[in-house]
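Residues are numbered in the working numbering as their position in the sequence shown, beginning at 1, plus a constant of 76.
Glycine is no exception: its CB is placed at the ideal position from the N, C-alpha and C atoms.
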Amino acid sequence: MSDPLSDVIALLKPRAVFSNGISGAGAWAVRYPEFGLPSFCAVLEGRCRLALDGQEPLVLEAGDFLLLPKTGGFTMSGFEPAKPVRMDPWQSATLGGELRHGRRGGKPDVRLLGGHFAFESPEAGLLVSMLPPRIHVRGVERLSTLVRLLREESRGQGSGRELVLTRLVEILLIESVRQVSGEQAPAGLLRGLADPRLARALRQMHGNLAQGWTVPRLADVAALSRSAFFERFTRTLGQAPMEYLLAWRMTVAKDLLRRGELGIGELAERVGYGSASAFSTAFSRHVGLPPGRYARSGAEA
C-alpha cells in the first residue's frame, strides 16, 4: 500500500544541501533575512535564543532539532545584550568550516549544525502547506545524527556522494515530519494521515491513482457513510475528496511531463483518465497550459 508522505517527499526531489558549523560566545547576535527555502538546525552543545519573525522566541538547548519548512527572517543570539549583525544566508552557506560569533577565543557557549536544502521539483509549496511554520523537537538523537551525517557527506567527495546526500535529506525530512502530531499540522495531508479512517482512503488514492475513484468508493474504503466521509475529509484536509484527488493527479502528471518519459496517452492512463483528450482538457483547465506546452516549457527550464 502506498505511503502518501513518502510519495510527496520523493516527488519534491530534495537535492542541494548546504550546511555549516555555528558557534557563539559572550555577547553576540545575528540577523538573517527571509530566504524561503527549508532550513534546519541541530544544537550540539550549550544553548542560545532564536526569535523567528511573527512568532514567540525560542530557547534552543543541546539535543534540540529545528526545521523551518519556509525560512522567514530570524535573529539568533546569546543571552547577553548585543546589536544583531546582518548575515547573508547564501554567502554563509559557501564559507565552509565553522562560523564563530561573539568572543573569538575560548570555549563557545553554544555549538550548532545548521543548513538548508532545495528541491529540483517546482512543487515545493506542497511541503510548506503540510507543515506548521516551525518544527521544534527536543531529545531525538537520530535527527542530530542525520544532520551530522549530512554535514560530513556534503564536505566530502566520496563515491556516490549525490545519491547519499539525496537519501539523507529525504530521511531527515520524513523523520522531522514524523514528529508533527495531527493537531499541530494545518489542514492537509498530515492531518488526514493522523485520522485512521481517512488514512485508509488516502493510501488507496495515492497507491491506485489510475482507479476511477468516486466519493462512495472512497467512503467504503474509509468505512464511513458517504456524507460523513465527505464532511470529515473536507474539514480535515481543507478540500473536498475529488478536489484533493484532482490536485494530486495533476501534480503527478506535471512531474511525469517534466521527465518526458511517457506519451500523453500512457501518462493519461497512469493518472486516472480514460483518454488523452480527457486528460488534456482537465490538465489545461487546472494548470493553464496544454500538456505538450507544459512539457516543452519544463524542458527549456
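Bridge partner(s) assigned by DSSP for residue i
i, result
"Val186", "Gly100, Gly122"
"Tyr108", "Phe150"
"Leu219", "Per DSSP, none; premise fails for Leu219."
"Glu229", "DSSP output for Glu229 lists no bridge partner at all."
"Ser115", "Leu144, His192"
"Ser95", "Gly191"
"Arg162", "Arg107"
"Arg214", "Asp140"
"Arg176", "Ser99"
"Leu128", "Phe150"
"Pro90", "Phe195"
"Leu134", "Leu126"
Cβ shell of residue i (< 6 angstroms), same chain only, five flanking positions each side left out
i, result
"Ala158", "Ala103, Trp104, Ala105"
"Glu110", "Gly148, Gly149"
"Arg187", "Ser99, Leu120, Glu121"
"Gln153", "The question names Gln, but residue 153 in the sequence shown is Ser. So the list reads Ala105, Arg125, once near-sequence residues are dropped."
"Phe305", "Ala295, Ala298"
"Arg276", "Val297, Ala298"
"Val161", "Val106"
Same chain only: Cβ atoms within 8 angstroms of residue i, ignoring 5 sequence neighbours per side
i, result
"Gly258", "Leu266, Arg267, Leu269, Ala270, Asp271"
"Val245", "Pro90, Arg91, Val93, Phe193, Leu226"
"Pro366", "Ser356, Phe359, Ser360"
Pair within 9 angstroms by beta-carbon distance, residue i and residue j
i, j, result
"Ala261", "Met206", "yes"
"Gly201", "Gly139", "no"
"Leu222", "Leu203", "no"
"Phe141", "His212", "yes"
"Leu300", "Arg308", "yes"
"Pro209", "Val256", "no"
"Trp289", "Gly368", "no"
"Val328", "Arg346", "yes"
"Ala118", "Ser220", "yes"
"Leu189", "Arg224", "yes"
Residues near residue i by beta carbon distance below 7 angstroms, same chain, minus five either side
i, result
"Ala127", "Pro133, Phe150, Thr151"
"Ala352", "Ile340, Gly341, Ala344"
"Ser197", "Leu87, Leu88, Lys89, Asp331"
"Gly182", "Ala101"
"Pro292", "Arg302"
Open item on the list: With a threshold of 8 angstroms, are at least 3 pairs of Cβ atoms found where one atom belongs to the segment 254-271 and the other to the segment 307-322?
Closed with: yes
- [ ] Mind the definition here: the segment 233-247 touches the segment 127-144 only if three or more C-beta pairs lie below 8 angstroms; say whether that holds.
- [x] no
Task: the segment 220-233 / the segment 90-101 touching (three or more Cβ pairs under 8 angstroms) - done: yes
TODO: Would you check if the segment 277-287 and the segment 79-91 touch, i.e. whether three or more CB-CB distances between them fall below 8 angstroms?
DONE: yes
Open item on the list: As an exercise, report each continuous alpha helix (DSSP H) stretch of at least 4 residues that is fully enclosed by the segment 256-322, in chain order.
Closed with: 265-269, 272-283, 291-298, 302-313
Task: Secondary structure, alpha helix (DSSP H): runs of 4+ residues fully inside the segment 343-372 - done: 352-363
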